[in-house]
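Below is one structure, written out as structure tokens, with a few remarks after it.
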Amino acid sequence: MDEPNTDVIPGTLDLLILKTLSLEPLHGFGIARRVEQISRGVFKVNPGSLLTALTRLERAGSVDAEWRVTANSRRAKYYQLTRAGRRRLDQETDEWTRRVSAVARLLQAEG
Amino acid sequence: MPLWRQLRRGLDVLFRRDAADRDLSDEMEHYVTEAAATYGRQGLNPVEARRRARMDLGSPVAVREEVRSGGWESVVEAVGTDIRFALRRLVGSPGFTFVTALTLALGIGATTAIVSAVTPILFRPLPYPHAERLAAVVEDHQGVRGAGTFALYHAFADQTHSFDALAVTNRWHPTLTGAGRPDRLAGERVSRGYLRVLGVPPLMGRDFAETEDRLNGPRVVIVSDGLWRGRLSADPAILGKSLMLDGDPYLVIGVMPPGFQDVADPEAELWAPLQYDMAQGTAWGHHLRTVGRLRPGVGIEAATADVAGVGRAVLTQQRPETYDPHTDFLVASLQSELTRGVRPALLTIVGAVILVLLIALVNVTNLLLARGVQRRSEFALRAALGAGRSRLVRQLLTESLVLAAVGGALGIAVAAAGVKAVVALSPPGLPRADAITVNGTVLLVGAAVTTLVGLAVGVLPALHAARSDPQQDIQHSSRRTAGGHRRARGILVAAEVALALVLLVGSGLLLRSSARLFAVDVGFDQARMLTMQVQLSGHRFDDDSSIVRFFTQALDAVRTVPGVTAAGFTTQLPLSSDDDEYGAHFDAEPDRPAATYDVFRYAVTPGYLETLGVPLLSGRSLGDADRAGTPLVAVISASLARDRFGGGDPLHRQLKLGPAGPYTIVGVVGDVHQASLAQSQGEAVYLPVGQWPFPDRSMSLVLRGRGALAMLAPAVQGAVWSVDPDQPIVRVATMSDLVARTAGERRFALTLFELFALAALGLAAAGIYGVLSGSVNERTRELGIRSALGASRAEVVRMVVSQGARLTGVGAGLGLIAAAGLSRLIASLLFETPPVEPVTYLTVTVLLFGVALLACWVPALRAARVDPIEALRAE
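The listed protein sequences derive, respectively, from chains A and B.
Going by my numbering, the residue at position 83 of the first sequence is 105; the numbering climbs one at a time, nothing skipped.
Going by my numbering, the residue at position 296 of the second sequence is 364; the numbering climbs one at a time, nothing skipped.
Given below as structure tokens:
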């Protein structure tokens, strides 16, 4: 039997990252772990895509990055949502909700 | 500011690539550590945990590439890599790079220089407001342009409806005296509306008033900014002051704005009202230039119809003697009229330089193709290693663009030098030569040409490389099979040869024409003769007899200068711009219709004809006894005698010249070219200077002497000044200079054509050489087998040479056909040389073949030296 598909739905990675960071600042691995935990293992984030997406979001000004020392005294790059990032999260959440409910309506429609 | 952030991050990456990389690898390292720790907590041993964590991450290199490709800077980096790689490849083959860049530089530089030199002359609007409405009203005497008359100007101004303003101008060369030495200035006498026609009012002061432009009106003058700043020391209170011009005070009423130029006479520095004297019966004298400003919306054709109608009506009504009944009147744009004389030469040169550029492009394409073939295996290898076709094409296009950029940069340097050379070479009197400058437009033209060239020469080899099959190419890497590419290159070389031949034919024709022109017998000995013009001004010459007395005394003084062997004065100098023509009437032909101005009038001192060396054919020459008060006599030229008397004897017949005479013909002399080397119109009448009713205040001195003529000039000038120190002497030149000047335009075209043809020949030879030597390289194995099978060296040489000869032959054939068609375009520049002249065509074809054979020779020798054993072992 095939392994269950744990890929992130295309186009949602930014949204997931922004949502995760809206709770608290995290480093890359922290984000990946949080997404996996909250989604109960449905989504596993590919590290390469994650780092690329983080760089992109940082460039776009949605998140700020900063090297900090972690609780277990390692150096890690922490990402934190900016005000622009929060706005973007709201927008993307609205957009996602709108589309998902449309898909849901379509699937529930009766012939 | 996300944009700023984008830019800054991108620049950070570009300029601190190491720091960015370290940052990313630290982050990845942390990720792996955390992931490994998590796996460890799930019970894996540390080594296994770390392995799993690394597997999750995947290849760090791939991650780095992925992260990198996200930013805009990655595009910059890719282009940068392409350019660096291209530069490395180019530096790696210096010979190829040098030849290609030089070819491009020549093509681009020459084109840019010519385009930037010619465009302003032919196409840049004249420097006046609404210059497109400026027009010239001209008389056309069966294809020959003639100067206008005041009578017709008057009729046009009154009766036509096409113009906002109409004006006539006449050259004026007053002598300015006062502080300092006398200066002869260039100026114009203009009718009142002239500055309104041009649309430029004086910056200081005012335009001429209507009341000022009438006979005996006030003496007023408007000066140029240059004259005001120079000679007049930028006097802020100049208005209201007077200048002494020809001994009379002229009130300065205006100063023109800086940069104002009178296109009718670019040297003009001052303008005075025409104040035309109608009483002298000169209203029908052809010596004015008529210009007008068209009403908005009136076209050239409508204006021509208007003017022609009025002109013809006036001629029918008044039947003036000075007009041929077939005279046409027409209106032409002032710009095209000013450049009419040089337009054919300039357009021809533009055509020639475009041919050179084409040849350069073909040559470079050829070189790149050849290089593409040599690099086939390299491309095949790169394709096999995963380079996409678009990537290869991009690489090749980058290489050609880099080459074009290098060539273009060199080309701009060539262009800058070229523009200077064009100006230096340009014939005197080239209209608006001052408008020729290296400017922004030139650079833009250069850049545009460069880019197009880069793309154009990149396309063929790039397509070629993209089409090739990597596997086959790697297999055949060392064999270099002959194929379609060689045919393509053969066609290109043939095209190059054809283009070069067209240019060679053109310059051959011009060269022959020029040789014929300079071999023309102008009717006198041009060598070792000095000329200068003496201008009389001031009231001391108001009395006509004082003018004649001055010139007689000056001549006597000049003759005493040591070294002077012969001297004389004339009112017009042959082969100069002097043009003084009258209608001649003979008593023998009372029925002949009113003659137009078609006979040159020379009022000369005794000794003039002898100094020039004009042969006396019959009768006697003019002597000291022929002066005011003695019977009127004239000497006529042989062609005038032939034309008017046929086989009869003209001696002792009577002749009226314009309003003067009758003169008794006492001698016939040989013909002299007056206007130019090419124009043989030699009908002339020579009169004693004292017997012409309106003595000329300006005469030219001609003299012969021993030793260096230039050394003689100061002593001769001193002799003239010993009679009167206030008279300016101008136009000091040797007759050979004047002769060269009348042929200036032809020489200009010829020089450039020769340069271009030479460049074309060189490029074509390089092309032939390139193709043949490439072909010999590619066929090393075949040649080796041939000689192993017994082909002699001579046979191998013959094989290679005949390949070159075939290319040249095809190209030459096409070129001859094209030349026969195109050379018609330069017919107007040719003197007694038909555009299709077998001798020239044959000569340049032989020359081309000679050069082509030379180009074949080296590859042929190399082919002959191919050692069969080496060639076969190399496989």
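By construction, the Cβ of each residue, glycine as well, lies at the ideal position given by its N, Cα and C atoms.
Euclidean distance between Cα positions of residue i and residue j
i	j	result
B:D646	B:V561	51 Å
B:G177	B:R77	41 Å
B:K724	B:A652	6 Å
B:P364	B:E280	28 Å
B:R387	B:Q227	18 Å
B:P197	B:L460	54 Å
B:L82	B:S445	33 Å
B:A728	B:Y670	13 Å
B:I733	B:V573	49 Å
A:E80	B:V490	59 Å
B:P906	B:G576	11 Å
B:A781	B:L677	21 Å
B:M779	B:Y909	45 Å
B:R608	B:S614	8 Å
B:L786	B:L884	According to the sequence as given, residue 786 of chain B is Gly; it is not Leu. Taking the straight line joining both Cα atoms gives about 59 Å.
B:P250	B:L313	10 Å
B:V844	B:A931	6 Å
B:R772	B:V784	11 Å
A:T115	A:V91	31 Å
B:G126	B:G160	38 Å
B:H13	B:V788	Because chain B here runs from 69 to 943, residue 13 of chain B falls outside it and cannot be looked at.
B:L851	B:L940	10 Å
Reduced DSSP category for residue i - H, G, I as helix; E, B as strand; rest coil
i	result
B:D392	coil
B:Y731	strand
B:N845	helix
A:I31	coil
B:W339	strand
B:R933	coil
B:W945	For chain B, the structure presents residues 69 to 943; residue 945 of chain B sits outside this window and is missing.
B:F164	helix
B:F619	helix
B:P128	helix
B:D316	strand
B:F762	coil
A:K66	coil
B:M600	strand
B:T549	The pLDDT assigned to B:T549 is 48, lower than 50, so where the model puts this residue is not dependable, and the model offers no usable value.
B:G953	Look at the range of chain B in this structure, 69 to 943, and you will see that residue 953 of chain B is not part of it.
B:H209	strand
B:G367	coil
B:D94	helix
B:W352	coil
B:Q385	helix
Contact test: residue i Cβ vs the ligand NAD heavy atom, cutoff 6 Å
i	result
B:W925	Here there are no bound small molecules, and the ligand NAD is not part of this structure.
Which of the residues in the segment 58-89 of chain A, read from start to end, lie with their CB under 7 Å from any CB of chain B?
Taking 7 Å as the Cβ-Cβ cut-off against chain B, the residues of the segment 58-89 of chain A that qualify are P69, G70, L73, T74, T77, R78, R81, A82 and G83.
Taking any Cβ of chain A, which residues in the segment 91-117 of chain B have a Cβ under 9 Å from it, in chain order?
Cβ contacts with chain A: D91, L92, D94, E95, M96, H98, Y99, V100, T101, E102, A103, A105 and T106.
Selection of the segment 95-112 of chain A by Cβ proximity to chain B, strictly under 9 Å:
Listed by position, the residues of the segment 95-112 of chain A near chain B (Cβ gap below 9 Å) are R96, R97, A98, K99 and A106.
Jot down the residue ranges of each uninterrupted alpha helix (DSSP H) in the segment 32-62 of chain A, minimum 4 residues, whole runs only, in chain order.
Listed in chain order, they are 35-45 and 50-60.
Got a sec: which bits of the segment 31-54 of chain A sit with their beta carbon under 7 Å from any beta carbon on chain B, in order along the chain?
Within the segment 31-54 of chain A, the residues whose Cβ lies closer than 7 Å to some Cβ of chain B are H49, G50 and F51, listed in chain order.
Restricting to runs no shorter than 3 residues, where is the beta strand (DSSP E) found entirely within the segment 225-313 of chain B?
Scanning the segment 225-313 of chain B from its first residue to its last, the whole beta strand (DSSP E) runs of 3-plus residues come out as 231-240, 243-245, 255-258, 288-291 and 310-313.
Using a Cβ-Cβ cut-off of less than 7 Å, list which residues of the segment 120-136 of chain B approach chain A; keep chain order.
Interface annotation for the segment 120-136 of chain B against chain A: D124, L125, G126, A130, V131, E134 and V135, criterion Cβ-Cβ distance under 7 Å.
Does the segment 167-185 of chain B touch the segment 469-479 of chain B, meaning 3 or more C-beta pairs lie closer than 8 Å?
As far as the Cβ criterion goes, the segment 469-479 of chain B touches the segment 167-185 of chain B, which means the pair count is three or higher.
Chain A contacts made by the segment 69-90 of chain B, where a contact means CB separation under 7 Å
Cβ contacts with chain A come from P70, R73, Q74 and R77.
Three Cβ pairs or more, each shorter than 8 Å: is that satisfied between the segment 369-376 of chain B and the segment 402-414 of chain B?
Contact fails: fewer than three Cβ-Cβ distances are below 8 Å.
Any alpha helix (DSSP H) of 4 or more consecutive residues that is wholly inside the segment 659-739 of chain B:
Secondary structure within the segment 659-739 of chain B: the alpha helix (DSSP H) runs of 4 or more consecutive residues, fully enclosed, are 676-680 and 706-713 (chain order).
Within 8 Å, do at least three Cβ pairs link the segment 576-595 of chain B to the segment 818-829 of chain B?
In this structure the segment 818-829 of chain B touches the segment 576-595 of chain B; the number of beta carbon pairs closer than 8 Å is three or more.
Is the segment 594-611 of chain B in contact with the segment 801-814 of chain B, if contact means three or more CB pairs nearer than 8 Å?
Yes, the segment 594-611 of chain B touches the segment 801-814 of chain B.
For the segment 255-274 of chain B against the segment 332-341 of chain B, do three or more pairs of beta-carbon atoms, one drawn from each stretch, fall closer than 8 Å, so that the two count as touching?
By the criterion of at least three beta-carbon pairs nearer than 8 Å, the segment 255-274 of chain B is in contact with the segment 332-341 of chain B.
Proximal residues, the segment 138-170 of chain B versus chain A, C-beta separation under 8 Å
Result list: G138 and G139.
Can we say the segment 761-775 of chain B touches the segment 731-750 of chain B, given the rule of at least three CB pairs closer than 8 Å?
Output reads no: the segment 731-750 of chain B does not touch the segment 761-775 of chain B.
Touch test, the segment 233-244 of chain B against the segment 304-324 of chain B, Cβ-Cβ under 8 Å, three pairs minimum
By the Cβ rule, the segment 233-244 of chain B counts as touching the segment 304-324 of chain B, because three or more pairs are nearer than 8 Å.
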